[in-house]
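Have a look at the structure below before the remarks.
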Amino acid sequence: MKSHLVVALAYDQLCTFEFGCTVELFALQRPELGVDWYDFAVCAADTGKLRAAGGITVEVQHGLEMLDKADTIIMPGWRDADEIPPPALLDKIRAAHARGTRICSICSGVFILAAAGILDGKTVTTHWRYAEKLLKRYPHIQVQTNALYVDQGQIMTSAGSAAGLDMLLHLVRKDQGAKVANLVAQRLVVPPHREGGQAQFVPRPMPSDEHARLAKLMDWVRAHPALPHNLASMAEKAAMSTRTLQRHFKDSTGLAPGEWLIRERVAIAKELLESPSTSLPQVAELAGFGSEESLRRHFRRIVANSPGNYRKQFSDAGAIHP
């Protein structure tokens with residue numbers, strides 16, 4: 015990773031959050047990691063001071079010529095999915111792609127790559143609000159509408175805003191290894207890897223009566239996690255068929271009912287583990303896992319940590335108070 019230059023694009027009407035994520039990941043020096051960290055630069059697609067979301071203005075030292083030196087290029091969004099990017103920018107992207115530069119986009123930044131013609135035949139993702147527009151405008155691109163990010167090797171694309179962090183951490187994991195990526199995630203106070211896809215965040219229309227029944231069911235299950243829930247019992251409680259319940263769960267949460275139930279139980283277990291007075295067998299029973307073995311297995315899969323280690327890290331007994 016020596017002398018690996020990451021260049022982020024800035025432009026007028028800059029997406030501040032996506033740009034900030036990129037700066038946070040790659041511009042900060044991280045000597046505590048003991049690895050050769052990235053070099054970082056910003057280049058501007060427009061001249062003069064650039065307006066950014068939130069009333070911010072940004073001054074950038076470098077122009078598009080900096081893209082010629084980049085090992086990795088990151089597009090932190092684009093100001094308007096309906097606006098074709100400047101020809102000079104598209105030419106630089108095509109040239110970078112031709113010489114093997116890694117190119118990444120966050121959210122609407124994928125429209126820059128698509129306009130440059132480097133995505134044909136590839137699988138990408140973007141924010142769920144833009145997916146249909148991307149599909150219609152560029153029919154030769156495969157759009158994975160539920161992914162948080164898609165890695166195609168030389169090209170990486172991510173869904174909206176915070177999914178950019180998932181992709182950027184994945185990039186670090188590929189370059190530097192899981193241990194370094196996990197340490198960076200800890201510093202950012204974010205999970206090193208998120209489960210699920212965009213579907214859990216997409217608002218979907220649902221008949222009001224069925225939506226109300228599903229919401230009541232979820233609240234009831236959360237209030238009674240120790241009961242022996244299963245698909246049939248939850249469907250009966252919601253007065254739905256099992257098939258209808260599965261469909262509405264998928265539409266509402268992006269998860270099957272059984273997986274949603276396990277994740278709810280893990281969330282309850284995390285809260286219980288933060289109290290040192292609750293023993294591990296009690297946690298397993300109260301959260302509905304039935305056994306310590308089941309608790310450990312599901313907890314490790316979802317949290318990527320053991321219940322014991324989680325308790326050491328987050329229980330009141332181990333907390334550092336001011």
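If you use our numbering, the sequence shown corresponds to residues 15 to 336, in order.
Glycine included, each C-beta is placed from N, C-alpha and C at the ideal position.
Q | Completely contained beta strand (DSSP E) runs for the segment 80 to 117, where each covers 3 or more residues | A | 86 to 90
Q.
What would DSSP say about T258, mapped onto helix, strand or coil?
A. Residue 258 sits at position 244 when you count from the first residue of the sequence shown. In the structure shown, T258 sits in a helix (DSSP, three-state: H, G or I).
Q) Would you call the CB atoms of P99 and I117 closer than 8 angstroms? A) Counting from one through the sequence shown, the residue named residue 99 turns up at place 85. Counting from one through the sequence shown, the residue named residue 117 turns up at place 103. No. Outside cutoff.
Q) Quick one: is D105 buried, meaning 16 or more other Cβ sit within 10 Å of its Cβ, or exposed? A) Here residue 105 refers to the residue found at position 91 when the sequence shown is read from its first residue. Exposed.
(Q) Closest to F313 by C-alpha separation, out of R279, S289, E288 and G304, would be which residue? (A) On the sequence shown, position 299 is the one that residue 313 refers to. Measuring from the Cα of F313, the nearest candidate turns out to be R279.
Q. Under the rule that 16 or more other beta-carbon atoms within 10 Å means buried, what is P221, buried or exposed?
A. Counted from its first residue, the sequence shown places residue 221 at position 207. Unreliable positioning characterises P221 in this predicted model, as indicated by a pLDDT of 46, which lies under 50. The coordinate reading is nonetheless provided below. Label assigned to P221: exposed.
Q.
Rounding to the nearest angstrom, what Cα-Cα distance links C29 and G174 in this structure?
A. Translated into the one-based positions of the sequence shown, residue 29 becomes position 15. Translated into the one-based positions of the sequence shown, residue 174 becomes position 160. Going from the Cα of C29 to the Cα of G174 covers about 11 angstroms.
Q. Tell me the DSSP bridge mates of V72?
A. Sequence index remark: in the sequence shown, residue 72 carries index 58 (1-based). BP columns for V72 point to L64.
Q: Return the chain-ordered list of same chain residues with a C-beta closer than 6 angstroms to the C-beta of Y152, the five sequence neighbours on each side being excluded.
A: On the sequence shown, position 138 is the one that residue 152 refers to. If we look at Y152 and ignore the five residues flanking it on each side, its Cβ neighbours are A128.
Q) Over what stretch of residues does the alpha helix (DSSP H) that includes T36 continue unbroken? A) Counting from 1 along the sequence shown, the entry for residue 36 is found at position 22. Run containing T36: T30 to F40, per the alpha helix (DSSP H) assignment.
Q: In angstroms with no decimal places, state the Cα-to-Cα distance between A24 and D53.
A: Numbered from 1 along the sequence shown, position 10 holds the residue referred to as residue 24. Numbered from 1 along the sequence shown, position 39 holds the residue referred to as residue 53. Rounded to whole angstroms, A24 to D53 spans 17 angstroms at the Cα level.
Q | Contacting residues, own chain, Cβ-Cβ under 6 angstroms from I88 (five flanking each side not counted) | A | The sequence position of residue 88 within the sequence shown is 74, counting from 1. Once the five neighbours on either side are set aside, the close Cβ partners of I88 are A22, T36 and C118.
Q: Check S122 in the structure and name its three-state DSSP category.
A: In the sequence shown, residue 122 corresponds to position 108, counting from 1. S122: helix per DSSP, three-state reduction.
Q: Under the assumption that D96 contacts R65 (Cβ atoms under 8 angstroms), give the Cβ distance between them as a whole number of angstroms.
A: The residue you call residue 96 lines up with position 82 of the sequence shown. The residue you call residue 65 lines up with position 51 of the sequence shown. The Cβ separation is near 18 angstroms, so there is no contact.
Q | Enclosing alpha helix (DSSP H) for S308 [first to last residue] | A | For the purposes of this step, residue 308 is taken as the residue at position 294 of the sequence shown. Where S308 is concerned, the enclosing alpha helix (DSSP H) stretches over E306 to V317.
Q. Roughly how many angstroms lie between the CA atoms of R113 and G77, to the nearest whole one?
A. Translated into positions along the sequence shown, residue 113 becomes position 99. Translated into positions along the sequence shown, residue 77 becomes position 63. Distance between the alpha carbons of R113 and G77 is about 19 angstroms.
**Q.** Between the CA atoms of R325 and G178 - distance to the nearest angstrom
**A.** On the sequence shown, position 164 is the one that residue 178 refers to. On the sequence shown, position 311 is the one that residue 325 refers to. Taking the straight line from one Cα to the other gives about 30 angstroms.
Q: Check each candidate in K230, R93 and A199 and name the one with the smallest Cα separation from A249.
A: Residue mapping note: residue 249 aligns to position 235 of the sequence shown, counting from 1. Here the closest residue by C-alpha is K230.
Q) What residues match up with I169 in a beta bridge as DSSP calls it? A) Taking the sequence shown and counting its residues from 1, one reaches residue 169 at position 155. Note: I169 sits in a beta bridge opposite I117.
Q: Consult DSSP for V49 and reduce its assignment to one of helix, strand or coil.
A: Locating residue 49 in the sequence shown gives position 35, where the first residue counts as 1. Correct three-state label for V49: coil.
Q.
So the candidates are A110, T115, I155 and A109; which of them puts its Cα closest to the Cα of V124?
A. Sequence index remark: in the sequence shown, residue 124 carries index 110 (1-based). Closest option to V124, Cα to Cα, is I155.
Q. How close, in whole Å, do the beta carbons of A195 and L183 come, if the pair is a contact with beta carbons under 8 angstroms?
A. To locate residue 195, count along the sequence shown from 1; it is residue 181. To locate residue 183, count along the sequence shown from 1; it is residue 169. With 8 angstroms as the limit, A195 and L183 qualify as a contact, their Cβ atoms being about 5 angstroms apart.
Q. For the candidate residues G268, A130 and V20, whose alpha-carbon lies nearest to that of K83?
A. Position 69 of the sequence shown, counting from 1, holds the residue named residue 83. Among G268, A130 and V20, the Cα nearest to that of K83 belongs to V20.
**Q.** N-terminal and C-terminal residue of the beta strand (DSSP E) that A281 is part of
**A.** By 1-based counting over the sequence shown, the position of residue 281 is 267. A281 -> not in any beta strand (DSSP E); alpha helix (DSSP H) instead, spanning P271 to L287.
Q.
Relative to the C-alpha of A270, which candidate in I282, A281 and R257 has its C-alpha closest?
A. Residue numbering aside, residue 270 sits at position 256 when the sequence shown is read from its first letter. Checked all of I282, A281 and R257; the closest Cα to A270 is R257.
Q.
Restricting to Cα atoms, I'd like to know which of W234, H111 and L149 is closest to M170.
A. Working through the sequence shown from its first residue, we reach residue 170 at position 156. The option with the nearest alpha carbon to M170 is H111.
Q. Going by the CB atoms, is the gap between A301 and P239 shorter than 8 angstroms?
A. By 1-based counting over the sequence shown, the position of residue 239 is 225. By 1-based counting over the sequence shown, the position of residue 301 is 287. Contact flag set, yes.
**Q.** Those residues which DSSP pairs with A246 across a bridge
**A.** The count along the sequence shown starts at 1 and reaches residue 246 at position 232. Partner(s): none; A246 has no beta bridge.
Q) How is V186 classed by DSSP in three states: helix, strand or coil? A) Counted from its first residue, the sequence shown places residue 186 at position 172. In this structure, V186 counts as helix in the three-state DSSP scheme.
(Q) Let me confirm a value: G268 is counted as buried when at least 16 other C-beta atoms fall within 10 Å, else exposed. Which label applies? (A) The residue you call residue 268 lines up with position 254 of the sequence shown. Its Cβ being crowded by 16 or more others within 10 Å, G268 is buried.
Q: Just grab the DSSP bridge partners of F54 for me.
A: Looking up residue 54 in the sequence shown gives position 40. DSSP lists V20 as partners of F54.
Q.
Give me, in chain order, the residues of the same chain whose beta-carbon lies closer than 7 angstroms to that of S17; leave out the 5 immediate sequence neighbours on both sides.
A. Within the sequence shown, the letter at position 3 stands for residue 17. If we look at S17 and ignore the five residues flanking it on each side, its Cβ neighbours are D53.
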